[in-house]
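Comments concern the structure below.
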Amino acid sequence: MLSEELKQVRAASALEAWDASAIQEARLERGEPILHIDPARIVAVCRFLKDQQQFVRLSAVTAIDWHPAEPRFEVVYQLHSLARQERLRLKCRVGGEQTEIDSVTGVWRAAGWYEREVFDLFGIGFRHHPDLKRIMMPADWQGHPLRKDYPIHGYKYSYAEE
Amino acid sequence: MSDLVEAPAPASTASETRRMTLNMGPQHPSTHGVLRVVLELDGETILKAEPDIGYLHTGIEKECEVKTYQQVVPLTDRVDYLANLSNNLCYCLAVERLLGLEIPPRAQWMRVLLTELTRLNSHLVWLGTHAIDIGAMSVFLYCFREREDIQRIFEMFSGQRMMTSYFRVGGLALEAPRGWQHAVDRFIRAFPGNVDEYEDLLTHNPIWVLRTQGVAALALEDLLDLGVTGPLIRAAGLDWDIRKSEPYSSYEKFEFEVPTRTAGDVFARYQVRIEEMRQSARIVRQALDGMPEGPFQAAAPGVVLPEREKMKTQMEALIYHFKIVTEGFRVPAGEVYQAVESPRGELAYYVVSDGTAKPYRIHMRTPSFGNLQALPALVEGRMIADTIAAMGSLDFVLGDVDR
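Chain order of the listed sequences is A and B. My numbering applies: residue 33 is where the first sequence begins, and numbers increase by one. My numbering applies: residue 278 is where the second sequence begins, and numbers increase by one.
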């Protein structure tokens with residue numbers, strides 16, 4: 033159930049009317065609506081928001097690592113509707129051995145590079161991504177730098193061993 | 278001889294041998310940084326273009342997680358090194374929203390004035406390098422003449438020409454220097470005339486027009502779908518500027534227009550940016566004439582460093598100074614997505630705080646990253662020489678792409 037405040041956000045109430053089971057959690061923080069979406073339904077929800085709620089823009093896709101909590105990651109989607117001047121943030125909690133979520137490149141082509149970046153720096157896989165490979169780090173790099181258990185320095189090289 | 282001429286080429290491989298893969302960059306002057314584009318060519322026509330980025334990846338987002346909030350400011354300078362004050366501003370606004378700080382009007386107006394000068398600075402570098410790529414040598418010299426003036430103004434304010442770090446969480450780093458009004462006034466008085474000079478050199482120049490008109494055009498729907506923002510999307514006809522649609526730092530008090538064109542080609546982008554320079558000059562003039570008096574930092578003792586004099590006489594001030602410098606300030610848990618209109622488009626900082634003195638996660642939604650993604654769509658099916666014009670019109674900064 034959405035709070036009274038969030039019912040004022042048209043996209044949130046429309047999404048609830050369309051499929052309330054897809055929303056796991058919802059809150060309004062400093063005026064910004066945040067919806068936690070069931071990871072299995074993310075593509076359908078994005079498709080609905082783009083086609084029927086005018087969210088023509090995907091500003092960015094990123095992730096947060098809540099290590100050592102489980103599920104460990106939150107994949108964050110920043111949506112923007114130009115017609116209504118409204119921003120919406122979707123979040124999906126993912127974790128487990130093989131962290132994966134469906135790609136939204138089929139909805140917005142803009143997701144392509146952003147998902148590659150999340151794959152590269154967090155090690156989250158995106159199913160059905162047309163070209164999922166590292167984007168920032170070299171192709172043969174080991175590990176995912178933005179994970180919280182990845183050290184800030186001294187990973188590859190240690191003076192003590194010399 | 279005749280035998281050689283008449284010998285038929287093997288038909289099966291004829292089409293394959295004509296294809297060629299060309300590495301453009303990573304050390305190509307028109308990439309303005311370290312960008313590699315792998316081009317698959319059929320003669321002069323580009324069949325496929327694949328940008329390969331990451332050469333300037335320095336892990337700034339990771340670095341932010343081990344710095345205190347105030348220490349992150351100099352890192353934001355290094356993201357987009359041509360629009361460092363826009364990055365300073367966006368980051369400070371995000372953290373100030375998390376803290377719930379009220380910024381005094383003088384600081385807000387000064388921020389507007391300096392970010393608009395940053396826009397001019399960035400557009401001047403874009404115009405100069407874009408023109409020199411296409412072959413108009415002298416425009417570069419004209420543009421860098423004015424850019425030098427702007428950098429002198431930045432130096433006056435902050436002591437630095439490029440990495441200014443002049444905006445801090447809670448206001449400005451320093452009081453505006455003596456005589457700043459005079460320096461800004463002299464610059465802004467001359468600037469519209471300088472823009473006329475650039476236009477004299479380019480707008481009706483037949484070579485310039487031939488090289489840019491109708492080149493690398495893309496429909497608005499495609500640009501939106503690819504995540505393109507800023508002057509590129511305004512050149513395709515969309516009237517969207519974050520300064521107008523989601524005003525920040527008192528932009529709602531300034532009068533300016535958002536220039537748009539409909540052609541969506543390299544020439545339209547040129548026209549939009551030229552017009553933006555004129556509008557920015559208007560904003561700087563309004564900010565200069567109407568600059569409010571008052572403090573340049575918020576009244577937030579736990580966040581803003583105390584004045585030197587107070588530290589010598591008041592114990593609280595000394596304690597606050599010690600605490601801010603040694604452990605920073607705590608920011609309430611939560612998250613915020615703050616967008617501003619940088620010279621290149623939508624720049625946004627997504628700051629997540631866990632209640633400690635260091636940011637838990639900062640994601641920089643940089644405009645160059647979003648815009649560069651559209652490069653293949655802009656150049657595929659076109660001539661190789663158009664790539665240079667297309668890349669120039671995208672106006673990306675590789676530091677901004679790779680972070």
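All C-beta atoms, glycine included, are put in the ideal place defined by N, C-alpha and C.
Report the CB separation of residue i from residue j in whole angstroms; it is logged as a contact under 8 Å.
i                : j                : result
Leu495 (chain B) : Gly514 (chain B) : That pair is no contact at about 12 Å.
Val107 (chain A) : Ile66 (chain A)  : Not a contact, Cβ separation roughly 13 Å.
Asp502 (chain B) : Phe464 (chain B) : That belief does not hold up - the Cβ atoms of Asp502 (chain B) and Phe464 (chain B) are roughly 40 Å apart, past 8 Å.
Ser415 (chain B) : Asn365 (chain B) : With 8 Å as the limit, Ser415 (chain B) and Asn365 (chain B) do not qualify as a contact, their Cβ atoms being about 33 Å apart.
Pro569 (chain B) : Pro382 (chain B) : 4 Å
Val136 (chain A) : Ile74 (chain A)  : 7 Å
Ile411 (chain B) : Trp485 (chain B) : 7 Å
Leu652 (chain B) : Ala666 (chain B) : Not a contact, Cβ separation roughly 12 Å.
Phe444 (chain B) : Arg520 (chain B) : About 16 Å; that fails the 8 Å criterion.
Asn361 (chain B) : Met440 (chain B) : 6 Å
Arg396 (chain B) : Ser557 (chain B) : 5 Å
Leu114 (chain A) : Val88 (chain A)  : 6 Å
Phe417 (chain B) : Ile409 (chain B) : 4 Å
I'd like the list of long-range same chain contacts for residue i, defined as Cβ closer than 8 Å, with 5 residues on each side in sequence excluded.
i                : result
Ala46 (chain A)  : Gln84, Gln85
Val461 (chain B) : Leu390, Leu394, Ile430, Val561, Leu565
Glu657 (chain B) : Ile323, Leu324, Lys325, Ala326
Start and end of the beta strand (DSSP E) containing residue i?
i                : result
Phe646 (chain B) : Looking at the DSSP string, Phe646 (chain B) is not in any beta strand (DSSP E); the run it does join, the alpha helix (DSSP H), is 644-649.
Lys123 (chain A) : 118-126
Val629 (chain B) : 622-630
Gly310 (chain B) : Where Gly310 (chain B) is concerned, there is no enclosing beta strand (DSSP E), given that its DSSP letter is neither H nor E.
Thr537 (chain B) : Element bounds for Thr537 (chain B): n/a, residue is neither H nor E.
Val416 (chain B) : Run containing Val416 (chain B): none in the beta strand (DSSP E); it sits in the alpha helix (DSSP H), 414-435.
Excluding the 5 residues flanking residue i on each side, which residues of the same chain have their C-beta closer than 6 Å to its C-beta?
i                : result
Gly175 (chain A) : Tyr182
Tyr109 (chain A) : Val93, Leu122
Ala43 (chain A)  : Gln85, Leu120
Gln437 (chain B) : none
Arg148 (chain A) : Ile167
Arg642 (chain B) : Ala625
Glu327 (chain B) : Val315
Arg125 (chain A) : Pro103, Glu106
Pro71 (chain A)  : Cys124, Val126, Ile133
Lys545 (chain B) : Note on identity: in this sequence residue 545 (chain B) is Ala, with Lys being the wrong assignment. Within the same chain, Ala545 (chain B) has close Cβ partners Ala512, Arg538.
Are the beta-carbon atoms of residue i and residue j separated by less than 9 Å?
i                : j                : result
Ser91 (chain A)  : His68 (chain A)  : no
Arg638 (chain B) : Glu338 (chain B) : yes
Ala634 (chain B) : Tyr346 (chain B) : yes
Thr322 (chain B) : Gly669 (chain B) : no
Glu532 (chain B) : Asn471 (chain B) : no
Ala233 (chain B) : Gly632 (chain B) : Absent from the model: residue 233 (chain B). The displayed extent of chain B is 278 to 680, so no value can be given.
Leu312 (chain B) : Asp329 (chain B) : yes
Leu671 (chain B) : Val561 (chain B) : no
Glu474 (chain B) : Tyr547 (chain B) : no
Trp145 (chain A) : Phe646 (chain B) : yes
Leu359 (chain B) : Asp679 (chain B) : no
Thr506 (chain B) : Asn648 (chain B) : yes
Ala693 (chain B) : Gly448 (chain B) : Outside the modelled stretch of chain B, which goes from 278 to 680, sits residue 693 (chain B), for which no answer is possible.
Gln650 (chain B) : Gly541 (chain B) : no
Leu375 (chain B) : Ser630 (chain B) : yes
Pro644 (chain B) : Asp677 (chain B) : yes
Gly157 (chain A) : Gln130 (chain A) : yes
Ala371 (chain B) : Tyr614 (chain B) : yes
Val628 (chain B) : Asp357 (chain B) : no
Ser35 (chain A)  : Ala58 (chain A)  : yes
Glu373 (chain B) : Glu61 (chain A)  : no
Met169 (chain A) : Gly331 (chain B) : yes
Thr489 (chain B) : Val543 (chain B) : yes
In terms of residues, what are the limits of the alpha helix (DSSP H) holding residue i?
i                : result
Gly470 (chain B) : 457-479
Asp663 (chain B) : 661-671
Ser363 (chain B) : 361-376
Ile411 (chain B) : 382-411
Tyr597 (chain B) : 592-604
Thr335 (chain B) : Element bounds for Thr335 (chain B): n/a, residue is neither H nor E.
Tyr547 (chain B) : 543-566
For residue i, I'd like the list of residues in its chain whose CB is within less than 7 Å of its CB, leaving aside the five on either flank, ordered along the chain.
i                : result
His400 (chain B) : Arg550, Glu553, Met554, Pro620
Phe154 (chain A) : Ala95, Asp97, Phe105, His176, Leu178, Arg179
Leu394 (chain B) : Ile427, Ile430, Val561
Cys341 (chain B) : Val349, Leu352, Pro636, Ile639
Leu655 (chain B) : Ala493, Leu495, Ala667
To be precise: take each residue of the segment 129-162 of chain A, compare its Cβ to all Cβ atoms of chain B, and keep it if any distance is under 7 Å. Which residues remain? Listed in sequence order: Trp140, Arg141, Ala142, Gly144, Trp145.
Any C-beta of chain A within less than 8 Å: which residues of the segment 624-646 of chain B qualify? Answer set for the segment 624-646 of chain B: Ala625, Tyr627, Val629, Tyr637, Arg638, His640, Arg642, Phe646.
Could you list the residues in the segment 321-334 of chain B with a C-beta less than 8 Å from some C-beta on chain A, going in chain order? Listed in sequence order: Ile330, Gly331, His334.
When Cβ atoms are compared, which residues of the segment 491-507 of chain B fall closer than 7 Å to chain A? The residues in question are Leu501, Asp502, Leu503, Gly504.
Relative to chain A, which residues along the segment 513-541 of chain B have a C-beta separation below 9 Å, given in chain order? Of all residues in the segment 513-541 of chain B, Leu515, Trp517, Ser522, Glu523 have a Cβ within less than 9 Å of some Cβ in chain A.
Under 7 Å, CB to CB, which of the residues in the segment 53-77 of chain A have a partner in chain B? Residues passing the 7 Å Cβ filter: Glu61, Arg62, Glu64.
Would you list, in chain order, the members of the segment 78-102 of chain A that have their beta-carbon closer than 7 Å to a beta-carbon of chain B? Going along the segment 78-102 of chain A in chain order, one finds Val88, Arg89, Leu90, Ser91, Ala92, Thr94, Ile96 with a Cβ nearer than 7 Å to chain B.
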